[in-house]
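The sequence shown maps to residues 793 to 867 in my numbering.
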Amino acid sequence: MTKQTFADAMTELEEIVRKLEQGDVPLEEAIDLYKKGMELSKYCHEKLRNAEEQLISIVNENGEKKPFEPTNGEE
């Protein structure tokens, strides 16, 4: 898959879902669309997982990465 943004991948995935939901796509094209949709879904999931990993870690005063532990306003 070529480099694309998360937003572009989601837009393409939504278009594929729309086409498949309409049900008027020839079988061979539907199979190809399904495969492409699965690739896009995996790509988007990996991007989200990576973003989540970045967001749930913080760097302490020594420059070490630590898991983020929310305090819910309590200290």
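Beta carbons: idealized from backbone N, C-alpha and C, even for Gly.
Quick caveat, the model's predicted, so the values are computed rather than measured.
Item, Value
"Per-residue burial, isoleucine 808 [other beta carbons within 10 Å of its own, 16 or more giving buried]", "buried"
"Secondary structure of lysine 795, DSSP reduced to three states", "coil"
"Supposed close pair alanine 801, tyrosine 835 - CB separation, criterion 8 Å", "5 Å"
"Whole-angstrom distance between glutamate 804 and leucine 812, CA atom to CA atom", "12 Å"
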